Amino acid sequence: MTIQYLPKFKKQYQKLPAKFQEQFDNRLRLFVIDPTVPQLRIHPLRGHYAGYWSMNVNGDLRAIYLKRGDEILIFALIGTHSELYG
41 MTIQYLPKFK
51 KQYQKLPAKF
61 QEQFDNRLRL
71 FVIDPTVPQL
81 RIHPLRGHYA
91 GYWSMNVNGD
101 LRAIYLKRGD
111 EILIFALIGT
121 HSELYG
């Protein structure tokens, strides 16, 4: 699986506390092993983010990504629920 990151995601990730960065890294490793793990709460988004998918990083932190086929993930945004969805 190929993982890519948009510049905006990289910028948002760098602003996160180290604890949240580590949580994302752990969730991403879990996702690569088995994307169907329930604790990831993977689901497609609608409305403004139609075509994107959401992954739960912790109780409030989400990572939004695009799928390109079965082997390419492009992470677009990361932030709290209110930051991302208003």
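In this note's numbering, the protein residues as written are 41 to 126.
Cβ coordinates follow ideal geometry from the N, Cα and C atoms, glycine included.
No experiment lies behind these values; they were computed from the predicted model shown.
- In this model, glycine 99 and glutamine 54 are separated by some 19 Å (Cα to Cα).
- In the structure shown, the three-state DSSP call for isoleucine 73 is helix.
- Around methionine 95, the same chain offers Leu80, Ile82, Ala103 as residues with beta carbons nearer than 6 Å, after the five sequence neighbours per side are excluded.
- Membership of leucine 101 in the beta strand (DSSP E) is indicated by the continuous run 101-108.
- The Cβ atoms of leucine 106 and tyrosine 92 lie closer than 8 Å to each other.
- The three-state reading of DSSP puts glycine 91 in coil, since its state is none of H, G, I, E or B.
- Here glutamate 123 has no same chain residue with a Cβ atom under 8 Å from its own Cβ, once five neighbours each way along the sequence are excluded.
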